[in-house]
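K.L.:
This is the structure, below, for whatever I ask next.
There are 2 protein chains.
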Amino acid sequence: MNHAASAVKALAFDVFGTVVDWRGSVAREVAMIAKHMNIQVDALAFADAWRAGYAPAMDRVRKGELPWMHIDSLHRMILDSIVEQFGLGKLNDEQRENLNKVWHRLSPWPDTVAGLHALKKQFTITTLSNGNFSLLTAMAKNAGLPWDCIVSAELFKHYKPDPETYHGVAGLLNLPIEQVMLCASHPSDLRAAKAQGMRTAYVMRPFEFGEHVPLPKVEAGEFDFVAQDFVDLARQLAT
Amino acid sequence: MNHAASAVKALAFDVFGTVVDWRGSVAREVAMIAKHMNIQVDALAFADAWRAGYAPAMDRVRKGELPWMHIDSLHRMILDSIVEQFGLGKLNDEQRENLNKVWHRLSPWPDTVAGLHALKKQFTITTLSNGNFSLLTAMAKNAGLPWDCIVSAELFKHYKPDPETYHGVAGLLNLPIEQVMLCASHPSDLRAAKAQGMRTAYVMRPFEFGEHVPLPKVEAGEFDFVAQDFVDLARQLAT
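From first to last, the protein sequence lines stand for chains A and B. Our numbering applies: residue 41 is where the first sequence begins, and numbers increase by one. Our numbering applies: residue 41 is where the second sequence begins, and numbers increase by one.
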């Protein structure tokens with residue numbers, strides 16, 4: 041076993057992109073809605089546009105330009121701002137609310153559930169996501185994600201990459217921060233966690249943004265582990 | 041289905057006594073320690089004494105006489121105050137710390153795991169306990185309790201029966217409080233939850249304090265449900 045793993049007691053997972061395929065899941069639901077409405081919608085472009093509004097909206101909360109808001113509310117705000125341009129302006133409030141909940145129903149990657157079950161045997165496994173607590177709870181129930189507990193940015197009223205989130209998860213687990221490893225497909229999240237003393241595992245998700253978007257660049261040795269997927273991570277961490 | 045159940049979306053469980061048998065679990069570990077030390081200890085009386093210090097210690101936190109402290113810390117404070125009188129004063133710091141963690145290893149009642157699995161099919165199931173977050177997470181992992189999420193008084197920096205805890209769990213689940221039902225073996229907890237608008241299920245645990253301690257008195261119709269155990273509760277709530 042890698043030296044870094046020997047002290048790790050808990051794994052904290054980024055969720056959107058790392059655990060679940062938001063792009064494919066959102067596009068599938070939007071394509072079905074378009075079919076029912078008998079209209080043409082570029083469903084993948086819609087998913088990308090929805091997601092593109094996410095980081096700027098959170099940054100407005102992080103900077104204090106918006107009060108603390110759930111991701112559910114941020115998602116709805118972004119949704120309302122993009123439906124017209126995609127020809128979905130006719131969706132009424134109930135239909136938008138239902139579509140907004142697609143983020144509660146995102147599908148796991150093929151390796152996710154098996155990988156988490158394997159990792160759960162050795163470690164405490166938790167979410168550490170900007171998704172709100174009820175969203176993460178509903179997603180776990182729907183997708184069969186076997187978390188030991190749900191930890192959300194909502195509990196700290198701070199979004200990642202604010203340091204409060206990384207220290208917050210270690211505090212709730214009552215562990216020194218260096219005994220907790222962030223597992224994520226986004227180097228920026230991992231770098232912020234590393235700067236606070238967390239261990240880091242970079243999990244490659246080459247299809248998160250579509251097959252034509254290259255993987256982000258990472259330095260050799262920058263993170264404690266680099267894994268192809270969760271099953272590979274479990275194998276690397278196995279004692 | 042009872043009318044009250046039709047609107048309920050989530051069940052929040054008291055844990056110590058309702059879900060797990062703290063008295064039997066603590067007594068078993070203490071009896072083993074006594075055997076190793078080759079001394080006589082009244083293990084059940086020890087468990088009772090430890091537990092008896094719990095409510096007063098929490099009340100000191102609730103009244104502001106003590107700063108916010110984890111149950112782990114309160115348990116240790118009480119433990120240190122009773123070891124001498126039970127002949128366990130020779131336990132060193134490491135041994136006390138290990139014994140203190142018995143609260144992370146409490147055994148479920150015989151119906152608990154099967155009942156929770158049945159209830160989980162219909163409802164979101166969560167803890168709502170004064171136990172700290174890491175304690176509840178460790179207990180679930182150890183005992184195989186299939187919670188959808190872990191909610192602890194620690195998240196609100198308020199112990200039950202403070203209203204913040206009942207409103208807090210509903211808020212995290214993003215549900216109106218009347219769609220959340222507290223399931224507990226302690227009428228005082230249920231009454232406090234009911235006063236805040238929660239639904240209530242009283243689960244009888246006749247052996248919590250030993251077989252010679254009579255069940256607490258409850259008024260007919262005082263709570264939405266009265267159940268023999270979790271399997272009975274699941275049957276009553278079944279659609």
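No residue lacks a Cβ here, since even glycine has one placed at the ideal position from N, Cα and C.
What residues in the segment 181 to 215 of chain B have a beta carbon less than 7 Å from any beta carbon of chain A?
P.N.:
Hits within the stretch, in order: Lys181, Asp188, Cys189, Ile190, Leu195, Leu212, Leu213, Asn214.
K.L.:
Suppose the cutoff is 7 Å on Cβ atoms and the five residues either side in sequence are ignored; what does the same chain contact list for phenylalanine 249(B) look like?
P.N.:
Here residue 249(B) refers to the residue found at position 209 of the second sequence. If we look at phenylalanine 249(B) and ignore the five residues flanking it on each side, its Cβ neighbours are Arg63.
K.L.:
Cα separation between phenylalanine 56(A) and glutamate 204(B)?
P.N.:
Residue 56(A) sits at position 16 when you count from the first residue of the first sequence. Residue 204(B) sits at position 164 when you count from the first residue of the second sequence. Distance between the alpha carbons of phenylalanine 56(A) and glutamate 204(B): 30 Å.
K.L.:
Using the C-alpha atoms, what's the distance from isoleucine 190(A) back to lysine 160(B)?
P.N.:
Within the second sequence, numbered from 1, the residue matching residue 160(B) stands at position 120. Within the first sequence, numbered from 1, the residue matching residue 190(A) stands at position 150. Computed Cα separation, rounded: 16 Å.
K.L.:
Under the three-state reduction of DSSP, which class applies to serine 121(A): helix, strand or coil?
P.N.:
Taking the first sequence and counting its residues from 1, one reaches residue 121(A) at position 81. It is helical.
K.L.:
Strictly by DSSP, which residues pair up with proline 148(A)?
P.N.:
Residue numbering aside, residue 148(A) sits at position 108 when the first sequence is read from its first letter. Its beta-bridge partners are Val60(A).
K.L.:
Taking contact to mean 3 or more Cβ pairs, one atom from each stretch, closer than 8 Å, check whether the segment 79 to 86 of chain B and the segment 110 to 129 of chain B are in contact.
P.N.:
Touching, yes.
K.L.:
Could you tell me which chain A residues have their CB closer than 8 Å to the CB of serine 174(B), listed as they occur along the chain?
P.N.:
Residue numbering aside, residue 174(B) sits at position 134 when the second sequence is read from its first letter. In chain order: Leu212, Leu213, Asn214, Leu215.
K.L.:
State the beta-bridge partners of methionine 339(B) as determined by DSSP.
P.N.:
This structure gives no information on residue 339(B), because the portion of chain B shown stretches from 41 to 279.
K.L.:
Please report the residue range of the beta strand (DSSP E) in which alanine 267(B) lies.
P.N.:
Here the question's residue 267(B) lines up with position 227 in the second sequence. 265 to 267 is the span of the beta strand (DSSP E), which, as asked, contains alanine 267(B).
K.L.:
How many angstroms separate the CA atom of glutamate 69(B) from the CA atom of asparagine 182(B)?
P.N.:
As a position in the second sequence, residue 69(B) is number 29, starting the count at 1. As a position in the second sequence, residue 182(B) is number 142, starting the count at 1. Those two C-alpha atoms are separated by around 15 Å.
K.L.:
May I ask you to list, following chain order, the residues of the segment 146 to 165 of chain A that have a beta carbon less than 9 Å from some beta carbon of chain B?
P.N.:
For the segment 146 to 165 of chain A, which is checked against every Cβ of chain B, the residues closer than 9 Å are Lys160, Thr164.
K.L.:
Relative to the alpha-carbon of serine 46(B), which residue among Ala224(B), Glu262(B), Val220(B) has its alpha-carbon at the smallest distance?
P.N.:
The residue given as residue 46(B) occupies position 6 in the second sequence. Looking at the Cα atoms, Val220(B) is the closest of the given residues.
K.L.:
For chain A, find out if any of its Cβ atoms is closer than 8 Å to the Cβ of threonine 177(B); answer yes or no.
P.N.:
To locate residue 177(B), count along the second sequence from 1; it is residue 137. True, the Cβ-Cβ gap to chain A drops below 8 Å.
K.L.:
Looking only at its chain, what residues have a beta carbon closer than 7 Å to the beta carbon of threonine 58(B), apart from the 5 residues adjacent to it on each side?
P.N.:
Along the second sequence, read from residue 1 onward, the residue named residue 58(B) stands at position 18. Cys223, Ala224, Ser225, Val243, Arg245.
K.L.:
Is the beta carbon of asparagine 172(A) less than 8 Å from the beta carbon of aspartate 112(A)?
P.N.:
Start at 1 with the first residue of the first sequence, and residue 172(A) comes out as number 132. Start at 1 with the first residue of the first sequence, and residue 112(A) comes out as number 72. Taking 8 Å as the Cβ cut-off, asparagine 172(A) and aspartate 112(A) qualify as a contacting pair.
K.L.:
Could you spell out where the alpha helix (DSSP H) holding threonine 205(A) opens and where it closes?
P.N.:
Numbered from 1 along the first sequence, position 165 holds the residue referred to as residue 205(A). From DSSP, the alpha helix (DSSP H) with threonine 205(A) extends over 203 to 212.
K.L.:
Given 7 Å as the limit, tell me if aspartate 82(A) has its C-beta closer than that to any heavy atom belonging to the ligand MG.
P.N.:
Looking for the ligand MG in the displayed structure turns up nothing, as the structure carries no ligands at all.
K.L.:
Check threonine 177(B) in the structure and name its three-state DSSP category.
P.N.:
Here residue 177(B) refers to the residue found at position 137 when the second sequence is read from its first residue. Three-state result, threonine 177(B): helix.
K.L.:
Please report how far the alpha carbon of lysine 141(B) lies from the alpha carbon of alanine 260(B), in whole angstroms.
P.N.:
Translated into positions along the second sequence, residue 141(B) becomes position 101. Translated into positions along the second sequence, residue 260(B) becomes position 220. So the two alpha carbons sit approximately 38 Å from each other.
K.L.:
Hey, threonine 152(B) and phenylalanine 270(B) are a contact pair by Cβ (cut 8 Å); roughly how many whole angstroms apart?
P.N.:
What you label residue 152(B) is simply residue 112 of the second sequence in a count that begins at 1. What you label residue 270(B) is simply residue 230 of the second sequence in a count that begins at 1. Between phenylalanine 270(B) and threonine 152(B) the Cβ distance is about 6 Å, and since that is below 8 Å, they are a contact.
K.L.:
If I measure Cβ to Cβ from alanine 232(B) and keep anything under 6 Å in the same chain, skipping five residues before and after, which residues do I get?
P.N.:
Numbered from 1 along the second sequence, position 192 holds the residue referred to as residue 232(B). Contacts found: Pro201.
K.L.:
Along the chain, where does the alpha helix (DSSP H) containing glutamine 276(B) start, and where does it finish?
P.N.:
Residue numbering aside, residue 276(B) sits at position 236 when the second sequence is read from its first letter. Element bounds for glutamine 276(B): 270 to 277.
K.L.:
Sort Val101(A), Lys49(A), Phe53(A) by Cα distance to proline 227(A) and report the nearest one.
P.N.:
One-based indexing of the first sequence puts residue 227(A) at position 187. Comparing Cα-Cα distances from proline 227(A) to each of Val101(A), Lys49(A), Phe53(A), the minimum goes to Phe53(A).
K.L.:
Comparing C-alpha positions only, which one of His157(B), Leu215(B), Leu114(B), Ala87(B) sits nearest to alanine 278(B)?
P.N.:
Walking along the second sequence from the start, residue 278(B) turns up at place 238. Residue His157(B) is the option with its Cα nearest to alanine 278(B).
K.L.:
Within its chain, find whatever has a CB closer than 8 Å to the CB of glutamine 236(A); leave out the 5 residues flanking it on each side and keep chain order.
P.N.:
The residue you call residue 236(A) lines up with position 196 of the first sequence. Cβ within range, chain order: Pro203, Tyr206, His207, Ile217.
K.L.:
For the beta strand (DSSP E) containing isoleucine 79(B), list its first residue and its last residue.
P.N.:
Position 39 of the second sequence, counted from the start, is the residue given in the question as residue 79(B). Per DSSP, isoleucine 79(B) belongs to no beta strand (DSSP E) and is neither H nor E.
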